[in-house]
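Peer 1:
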Amino acid sequence: MPKLEHSGAILTIDLAALCANWRLLRDRLDGRAECAGVVKADGYGLGAKKVATALYGAGCRVFFVAHLDEALSLRATLPEAEIHVLNGLMPGSAPEFAENRLVPVLNDLVAIEAWRDFCTAQNQAYPADIHIDTGMARLGLPPSEVAVLADQPHWLEGISVVNFMSHLACADEPDHPLNGEQLAHFRAALAMLPEGGRSFANSSGIFLGADYHFDLARPGIALYGGNPTPAQPNPMAQVVR
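According to the working numbering, the residues represented by the sequence shown are 5 to 245, in order.
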């Protein structure tokens, strides 16, 4: 193991500050919303296992990662946590999701069909999130595919929908018109779809107010000390020194 006295620099990760940031974000949510923790990219480079373990100790029970291998590693560390995989279902991966109680984020009709067919074959309604693109133009169902789900309910039959979710593109700019447009698109989509949890706010979205909180917020960079309100002083504690 390298000796400290041999190092040119030392990086200190303050897990207490990380947990304080999660509590601050949780406390900004209205009373009905839960606060998750995004620990993708190995906990933003700080070590997902240690980060998630600390957050779990602080009370966080819901986590988001990007890929299945991250989720499998985290499941071994936190056997009781609720773990969601943002990049969703890859071909042939459905059994591993089910066996390890992982929640895929389904980003298109192909993934929804594959998960539905797996649930039907297993005679078990396994959980999944449905991702709706409201303006980020990165991942998620466009309006035409949301309309398919609304008009043809069989697409979701056999799936236990945990959340209908979307992602804000410009939440770090509170006055950006796209924030309100995305909120309107998300509400319109929800009105067409069956009941389920609703997840919309990222780190900066939490600071846009209760209209954006819904049932589950998904902060990422702010947990690690990044400023969710760039035009104002950073309310988050410094995690890395």
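We put the beta carbon where it would ideally sit given N, CA and C, even for glycine.
Predicted, not measured: the structure shown is a model, and the values here were computed from it.
Mind reading off the beta-carbon distance from Val-89 to Val-114? Whole number of angstroms is fine, and I expect it under 8 angstroms.
Peer 2: Not really, about 16 angstroms apart at Cβ, beyond 8 angstroms.
Peer 1: Could you tell me which of Ile-17, His-10, Glu-9, Gly-12 sits nearest to Arg-245, measuring between CA atoms?
Peer 2: Ile-17
Peer 1: By the 10 Å Cβ neighbour count, where 16 or more other Cβ atoms means buried, how is Arg-2 classified, buried or exposed?
Peer 2: This structure cannot speak to residue 2, because the chain is shown only from 5 to 245.
Peer 1: Provide the residue span of the beta strand (DSSP E) that contains Met-169, from first to last.
Peer 2: 164-169
Peer 1: Where does Cys-123 sit, in a helix, a strand or coil, going by DSSP?
Peer 2: helix
Peer 1: Just to confirm my understanding: we take His-71, look at its own chain, exclude 5 residues before and 5 after, and list those with CB closer than 6 angstroms. What are they?
Peer 2: Asn-91
Peer 1: Starting from Ala-221, follow its DSSP beta bridges and name the residues at the other end.
Peer 2: Cys-39
Peer 1: Closest to Leu-2 by CA distance: which of Glu-9, Ser-11, Asn-25, Asp-34 is it?
Peer 2: With the chain covering 5 to 245 only, the question about residue 2 has no answer from this structure.
Peer 1: Classify Ile-87 as buried or exposed, calling it buried when 16 or more other Cβ atoms lie within 10 Å of its own Cβ.
Peer 2: buried
Peer 1: Alpha carbons only, please: which of Leu-29, Ala-214, Val-43 is nearest the one belonging to Val-55?
Peer 2: Val-43
Peer 1: With a CB to CB cut of under 8 angstroms and the five nearest residues on each side skipped, what residues in its chain are close to Ser-77?
Peer 2: When the five nearest sequence neighbours on each side are left out, the beta carbons in the same chain lying within less than 8 angstroms of the beta carbon of Ser-77 are those of Ala-52, Lys-53, in order along the chain.
Peer 1: When you compare the CB positions of Tyr-228 and Leu-15, do they come within less than 8 angstroms of one another, or not?
Peer 2: Contact annotation: Tyr-228 and Leu-15 have beta-carbon atoms that are not nearer than 8 angstroms.
Peer 1: For the alpha helix (DSSP H) containing Pro-147, list its first residue and its last residue.
Peer 2: 147-155
Peer 1: In angstroms with no decimal places, state the Cα-to-Cα distance between Leu-93 and Trp-119.
Peer 2: If I take the Cα positions, the gap works out to 8 angstroms.
Peer 1: So is Ala-20 buried or exposed if we call it buried at 16+ other beta carbons inside 10 Å?
Peer 2: Flag for Ala-20 reads exposed.
Peer 1: Based on Cα-Cα distance, which residue from Gly-162, Leu-22, Ser-170 lies nearest to Ala-188?
Peer 2: Ser-170
Peer 1: What residue range does the alpha helix (DSSP H) around Phe-68 cover?
Peer 2: No alpha helix (DSSP H) contains Phe-68, which is instead part of the beta strand (DSSP E) from 66-69.
Peer 1: Can you name the start and end residues of the beta strand (DSSP E) that His-135 belongs to?
Peer 2: Its beta strand (DSSP E) spans residues 131-135.
Peer 1: Since Ala-3 contacts Phe-122 with CB under 8 angstroms, what's their CB separation in whole angstroms?
Peer 2: With the chain running from 5 to 245 in the structure shown, residue 3 is simply not present.
Peer 1: Could you pull the DSSP bridge partners for Ile-87 from this structure?
Peer 2: Phe-67, Leu-106
Peer 1: Using beta-carbon positions only, say whether Asp-137 and Pro-146 come within less than 8 angstroms of one another.
Peer 2: Cβ atoms of Asp-137 and Pro-146: closer than 8 angstroms.
Peer 1: Near Arg-185, which residues of its chain fall below 7 angstroms by C-beta distance, leaving aside the five closest residues on each side in sequence?
Peer 2: Here the sequence assigns Glu to residue 185, which means Arg is not the residue at that position. Exclusion of the five residues before and after Glu-185 leaves Gly-139 as the residues of its chain whose Cβ lies within less than 7 angstroms of its Cβ.
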